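First up is the structure itself, then whatever we jot down about it.
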Amino acid sequence: VVTVDKTGGGTVVSTIYMSKAMQDMMAQMAGAMGGKQEAPAKNPLLGDLEQYKSKTASMGEGVTFVSAKEVKKADGSTGAEITYSFKDINKLKVSSNPDTPSGGGMGPGGGEAKKNESPVTFTFVKGATPKLTIQLPKQDAPAAAKPAEKAPAEEAPPPEQLAQMKQMFDGFRVRLVVKVDGDITKSNASFVDKDAKTGKKQAVTLIDMDLGKMMKDDATFKKMTAMGKIEDMATAREKMKDIPGFKFETAEKIDIEFK
């Protein structure tokens, strides 16, 4: 969640959760490697804070690490809430790939921008009605067309593999939201969200991808598995925009005016 105030400063809050199933799987893996089959006493997402502090270098000039704290859900999920601050959103760069528990330090591996990946960038103009422009990553130009070849018919994965995939992605959800400290008066965003308490339009959703929920529907799941490999969120945004229940901002440039 990126939040910007009327001066152009603000915060980036990245929250990562590990489900109870993933925690149990880690404990089993530890047991298989000779350790005790029990949940780790320490939150693995908070084992190495340097992984979060070092990320500021790729987020733009003036971005600083603020804090990292443990968060929990009623369903047993455990996570980490990482907060950064910035003074000028014009200099902020945010990866559109999600932060995910990765190997080793369990850090934000998915959120590390690839060398050829374009980040989400911002342009901010101060005033009585500040204007924020969000530039989403552009997709790579399509490769030169090759002579058409008959694609081999894809076989549906066996039932046991489908069940395993559904279990793996159960609870997997990715969200990228931009909030303003005020009330949105004008925007071309596809998804403008109201604050539940104030009723004000304060946020736009750029990505909301609840894979766990959508995979429970067999027809949707088969459609998703037929898409092939998806390398980044820009490609996912294009391929998955027509799937019901997913929110993907299709415009590459979003304008927001607020007061």
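Residues in the sequence shown are numbered from 319 upward in steps of one, following my numbering.
Even for Gly, the Cβ is constructed at its ideal location relative to N, Cα and C.
In this text, all values refer to a predicted model and were calculated from it rather than measured experimentally.
Could you tell me which of the options sits nearest to residue i, measuring between CA atoms?
| i | options | result |
| --- | --- | --- |
| residue 532 | 523, 513, 479, 565 | 565 |
| residue 485 | 530, 524, 447, 516 | 530 |
| residue 388 | 407, 381, 332 | 332 |
| residue 597 | 330, 572, 324 | As shown, the chain starts at 319 and ends at 577. That puts residue 597 outside it, with no answer to give. |
| residue 503 | 362, 325, 576 | 576 |
| residue 498 | 490, 542, 512 | 512 |
| residue 536 | 521, 517, 483 | 483 |
| residue 519 | 404, 538, 495, 527 | 495 |
| residue 384 | 329, 319, 508 | 329 |
| residue 489 | 337, 324, 326, 320 | 337 |
| residue 442 | 324, 365, 524, 393 | 324 |
| residue 569 | 322, 340, 525, 406 | 525 |
| residue 515 | 334, 505, 399, 501 | 501 |
| residue 319 | 350, 411, 478, 341 | 411 |
| residue 528 | 541, 493, 509 | 493 |
Please classify residue i as buried or exposed, where buried requires at least 16 neighbouring CB atoms within 10 angstroms.
| i | result |
| --- | --- |
| residue 391 | exposed |
| residue 415 | buried |
| residue 567 | buried |
| residue 455 | buried |
| residue 448 | buried |
| residue 397 | buried |
| residue 363 | buried |
| residue 521 | buried |
| residue 461 | With a pLDDT of only 49 at residue 461, under the threshold of 50, the placement of this residue in the model should not be trusted; the figure read from the coordinates follows. Result: exposed. |
| residue 369 | buried |
| residue 378 | buried |
| residue 558 | buried |
| residue 507 | buried |
| residue 394 | exposed |
| residue 445 | exposed |
| residue 326 | buried |
| residue 335 | buried |
Grab the span of the alpha helix (DSSP H) containing residue i for me, first residue to last.
| i | result |
| --- | --- |
| residue 529 | 529-532 |
| residue 512 | Note, residue 512: premise wrong, no alpha helix (DSSP H); beta strand (DSSP E) at 510-512. |
| residue 371 | 368-371 |
| residue 376 | 374-377 |
First and last residue of the beta strand (DSSP E) that includes residue i?
| i | result |
| --- | --- |
| residue 386 | 382-390 |
| residue 441 | 438-443 |
| residue 321 | 320-322 |
| residue 575 | 571-576 |
| residue 494 | 491-498 |
| residue 456 | Per DSSP, residue 456 belongs to no beta strand (DSSP E) and is neither H nor E. |
| residue 561 | Segment: none, residue 561 is in no beta strand (DSSP E) and carries neither H nor E. |
| residue 504 | 502-505 |
| residue 328 | 328-336 |
Quiz item: Does the region 336-346 come within contact of the region 371-381, defined as at least 3 CB pairs closer than 8 Å?
Solution: no
Self-check item: Residue ranges of each alpha helix (DSSP H) within the region 388-415, 4 or longer
Solution: none
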